[in-house]
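For the protein sequence lines, the chains are A and B, in the order given. Under the numbering used here, the letters of the first sequence match residues 1 to 233, in that order. Under the numbering used here, the letters of the second sequence match residues 1 to 233, in that order. Following: one structure in structure tokens, then a few remarks.
Number of protein chains: 2
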Amino acid sequence: MNTAGADPLALEDMSVTTLADPVEPAAKPRVRDAEATKSRILDAAKKEFAKSGMGGARVDVIAEKAKANKRMIYHYFGSKEDLFRTVLENAYVDIRSAEQKLNLDHLEPREALERLVRFTWGYYLKNPEFITLVNSENLHRAKHLKQSEVVKVYSRKFVAMMENILTRGVATGVFRAGVDPVQLNITVAAIGYYYLTNRFTGAILFERDLMSKEALEERLAFNIDTIMRLVSV
Amino acid sequence: MNTAGADPLALEDMSVTTLADPVEPAAKPRVRDAEATKSRILDAAKKEFAKSGMGGARVDVIAEKAKANKRMIYHYFGSKEDLFRTVLENAYVDIRSAEQKLNLDHLEPREALERLVRFTWGYYLKNPEFITLVNSENLHRAKHLKQSEVVKVYSRKFVAMMENILTRGVATGVFRAGVDPVQLNITVAAIGYYYLTNRFTGAILFERDLMSKEALEERLAFNIDTIMRLVSV
DNA sequence: CCCCTAACGCACTAACTGGTTACTTTCTTA
DNA sequence: TAAGAAAGTAACCAGTTAGTGCGTTAGGGG
């Protein structure tokens, strides 16, 4: 594409560019809406960064998919890296918020833990961008996340949530004592995350469809079992 | 760097380039060695692909680090993607070969399984490129690995190895029946892989040094415990 | 109704980047 | 030892890519 000075948006239904055509008056009044544009850019950026990573994503593609001008990206977000930082931060805030909404604190500990495992698995499945964004960020040694303060606050609540479940379980006698909530958090994430992020090489190595309905159900059951055995007395 | 037509290898000890200096006669006869050059290219490529991913790695940088000319890369490997494919295939063959050398088949099942968990963890730690290469390959939906036949052969042996351990353990009565060797393989990899690949974001989220000697030992112990509890009767 | 701010758009560029052309140098072997 | 095959090199190219300069347009406040 972009051969000569051709309009890169020529594919779109831009019937009115220079002359106001009397026919189709409501075609494109082109409303100005900063918030909506920002939001479209963030959505498109999330998808592109997830598909190609921070380095592989193309700013022009993001602009095109957001139906926005590239100039707007730089106007609102400053740079590609700043855009990535925002996308990443939003992704973390989103998953941590969803976790908090689970309201596990007044559930029976085993039930609470199982729900957390189910939620984590389900979240990764429904939000595949999350995993790829995190992978990309780790390739860059977390240089973007380092600058985020919000994420830290949310993370503390996340660890506290697991701590609470464990403490209550030990008190009730259903969980053994001495399990590190951080290690458990990491493990809950790991057994779902690894399976999904490496599903392509995994399908080849194990000569199995890892993404069929049955395979996914089987893995979830296996993961719940793994975590339950880990904390049981 | 690379400002004008300056020699990109100028930093190196290239004392003799045009005139044969009578002093230091054995300085640089510039021996021709195809195998050595290929090997240097592969080493440099592994490091670069691991550091920046397949997309982010730069062919010029690989050539420079390999102390080879970029043209040699194309001469020996055809394209950047073919070079990546070779590096990736080598990486898989390497880990699978090392696993086979563990000779777990005549060890007591629990001992064998623990050794496999220890080996996997140790291999990831000593070969951090492996993880990043696999991540990059999964970002590209395993398109390079799909073309490799060798890897499949090795993988079958890998699954068979775990199958053997499990079967023997069930027979001896130390392991419960019904554990899927593929799920177990995935889990053994997952709990080590995830911890290490996400160590940068992890350090921020959990406000902990995940790579200190103690932290690494603690995680390994936790992982062994997780796997043992998973298979125990 | 005017005007000024902010939203928006186009065309350009400087630096890269994978890949190639055309060449020189070294080694082997007939 | 002549010759040619293989190893190695430098300069170059065409296509990209993040980022910008500068002009246009909408719409809310005065």
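Note that CB positions come from ideal geometry on N, CA and C, so glycine has one too.
- Among the residues facing chain A, residue 137(B) is included, as its CB has a counterpart in that chain under 8 Å away.
- When the alpha-carbon of residue 117(A) is set against those of 165(A), 174(A), 213(A), 214(A), the nearest one is in 165(A).
- Contact between the segment 36-54 of chain B and the segment 130-146 of chain B is present, with at least three C-beta pairs closer than 8 Å.
- In the three-state scheme derived from DSSP, where H, G and I count as helix and E and B as strand, residue 79(A) is classed as coil.
- In the DSSP annotation of this structure, residue 207(A) is not part of any alpha helix (DSSP H), being labelled neither H nor E.
- With respect to the 8 Å criterion, residue 125(B) and residue 115(B) are not classified as neighbours on the basis of their beta carbons.
- The beta carbon of residue 41(A) lies closer than 8 Å to those of 62, 63, 66, 68, 72, 73, 76, 77, 83 in the same chain, with the five residues before and after it left out.
- Taking 8 Å as the threshold, the shortest C-beta distance from residue 123(A) to chain B does not fall below it.
- For residue 222(A), the uninterrupted alpha helix (DSSP H) run begins and ends at 213-231, by DSSP.
- In this structure, the straight-line span from the alpha carbon of residue 173(A) to that of residue 85(A) is close to 43 Å.
- Contact note: residue 178(A) does not reach chain B at a C-beta cutoff of 8 Å; the least C-beta distance is about 10 Å.
- Against chain A, the beta carbon of residue 183(B) has neighbours under 8 Å at 218, 219, 222, listed in chain order.
- 202, 203, 204, 205, 206, 207, 208: these are the residues of the segment 202-216 of chain B whose beta carbon lies less than 8 Å from some beta carbon of chain A, given in chain order.
- When rounded, the separation of the alpha-carbon atoms in residue 182(B) and residue 206(A) is 7 Å.
- Cβ-Cβ distances below 8 Å link residue 204(B) to nothing in the same chain once the five nearest sequence neighbours on each side are left out.
- The beta-carbon of residue 200(B) is placed less than 8 Å from the nearest beta-carbon of chain A.
- At least one beta carbon of chain A lies nearer than 8 Å to the beta carbon of residue 142(B).
- Residues 181 of the same chain have their beta carbon placed closer than 8 Å to that of residue 163(B), with the five preceding and five following residues left out of the count.
- Rounded to whole angstroms, residue 151(B) and residue 175(A) show a C-alpha spacing of 42 Å.
- Taking C-beta atoms as the reference points, residue 200(B) and residue 136(B) fail to come closer than 8 Å.
- Within the same chain, 76 come within 7 Å of residue 38(B) by CB-CB distance, once the 5 residues on both sides are set aside.
- DSSP places residue 66(A) in no alpha helix (DSSP H); its state is neither H nor E.
- By DSSP's assignment, residue 175(A) forms a beta bridge with 232(A).
- For residue 188(B), the nearest beta carbon of chain A is not closer than 8 Å to its own beta carbon.
- In the three-state reduction of the DSSP assignment, residue 198(B) falls in the coil class.
- Judged by beta-carbon spacing, residue 112(A) lies within the 8 Å limit of residue 104(A), meaning their Cβ atoms are closer than that value.
- Of the other Cβ atoms in all chains shown, 16 or more fall within 10 Å of the Cβ of residue 155(A); this residue is therefore buried.
- Under a 10 Å Cβ-count criterion, residue 233(A) is classified as exposed, with fewer than 16 other Cβ atoms of the shown protein chains found around its own Cβ.
- With a threshold of 16 other beta carbon atoms within 10 Å, residue 44(B) meets it and is buried.
- In this model, residue 208(A) and residue 32(B) are separated by some 46 Å (Cα to Cα).
- Taking the Cα of residue 47(A) as reference, the smallest distance to any Cα among 148(A), 140(A), 131(A) is reached at 131(A).
- Residue 127(B) sits away from residue 134(A), with the two beta carbons spaced by 8 Å or more.
- Cβ neighbours of residue 210(B) within its own chain (closer than 6 Å, five residues either side excluded): 199, 202, 203.
- Against chain A, a Cβ distance below 7 Å from residue 230(B) picks out 226, 229.
- Counting along the chain, residue 52(B) sits inside the alpha helix (DSSP H) bounded by residues 34-56.
- Neighbours of residue 145(B) in chain A, taken as residues at a C-beta separation under 7 Å, are given in chain order as 201, 204.
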